[in-house]
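What the sequence shown shows, in my numbering, is residues -4 to 244, in sequence order.
From the three backbone atoms N, C-alpha and C, an ideal C-beta is built for every residue, glycine too.
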Amino acid sequence: MNAKIWLVGAGPGDPELLTLKAVRALREAQVVMIDDLVNPAVLEHCPGARVIAVGKRGGCRSTPQAFIQRLMLRHARQGRCVVRLKGGDPCIFGRGGEEALWLQQRGIEVELVNGITAGLAGATQCGIPLTLRGVSRGVTLVTAHTQDDSELNWAGLTQGGTTLVVYMGVARLGDIRRGLLEAGMAADMPVAMIENASLPSQRECRSTLLEMAMDATAFALRSPAVLVIGEVARQGAVVELVTAAVGVA
Ligand code: SAH
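Given below as structure tokens:
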């Protein structure tokens, strides 16, 4: 039998943001391996499946990546339909690319299913358009957490002229602030920090580049959160920005 594994994005949290394709994969699944940022409410679509939690954070000890991969492989080789369910999109800071390659090299067919990534959902839920004609001509998704602790290219991020969406940044707010300020980003650049995007527990903290670390502490910002850094995050300013930029009255 041809073994196949679905690598599926579960979206940012709101179960209604799941794609129809993700639902179909879940319905077919016999084994579902679930990351800890996935809202367990989505499991209503796979009542008969065996669910294995393979989260990397939270209260439990992390599950090593190699173990997760071997477990997927074993179930697939035993002929079971396996769904690996990841928060957001599987290929945005989700190791989807690595896992797909590893499985394909072992003769497993892999089908990737997009999910709505947390940065896009967070911005939208706060009414922030990540691109805006005349204001922001693009978006850069970036992780503040690098495998080797190397510095980000702050100058590139500052000069790119795009809205920045920073993942895994809560523990690095001070470094992000310093890096961008030193690279010349305006101290009053608007910043939105969005925790638990798309969930009932969603909270947002509006600040500026200069004050974001201080404001996040006062707000008790917790992971998971994304940061949106750019003019588009200026609170209440979308109407003015659009009017000024494209003349929509
Ligand atoms: N594949 C995921 C990202 C995984 S990396 C995606 O596409 O969304 C984990 C980081 O994602 C967290 O540190 C946080 O920055 C972000 N994140 C995930 N879910 C989130 C949520 N509901 N609200 C805010 N940020 C979230």
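| Item | Value |
| --- | --- |
| 6 Å Cβ shell around residue 89 - same chain, five flanking residues per side excluded | 81 |
| Cβ-Cβ separation, residue 5 to residue 26 (assumed contact under 8 Å), whole Å | Not confirmed; about 15 Å, so no contact. |
| Rounded straight-line distance, which links the Cα of residue 40 to that of residue 7 | 17 Å |
| Length-filtered (4 minimum) alpha helix (DSSP H) runs lying within the segment 65 to 122 | 91 to 99 and 113 to 120 |
| Neighbour-count burial assignment, residue 125, 16 or more Cβ in a 10 Å radius | buried |
| Residue 18 versus 1, 172 and 92, residue with shortest Cα-Cα distance | 1 |
| Beta-carbon proximity of residue 230 to residue 185, cut-off 8 Å | yes |
| Contact check, residue 111 vs residue 161, beta carbons under 8 Å | no |
| Contact set for residue 117: own chain, Cβ-Cβ below 6 Å, skip 5 residues either direction | 189, 192 and 221 |
| Span separating the alpha-carbon of residue 53 from that of residue 183 | Bear in mind that a pLDDT of 45 at residue 53, under 50, signals an unreliable position, so the number given afterwards is only what the model happens to contain. The alpha-carbon atoms of residue 53 and residue 183 are separated by roughly 34 Å. |
| Inter-residue spacing [alpha-carbon to alpha-carbon] between residue 226 and residue 215 | 24 Å |
| For residue 4, the first and last residue of its enclosing beta strand (DSSP E) | -1 to 4 |
| Close-in-space but distant-in-sequence residues of the same chain around residue 169 (CB under 8 Å, 5 per side omitted) | 208 |
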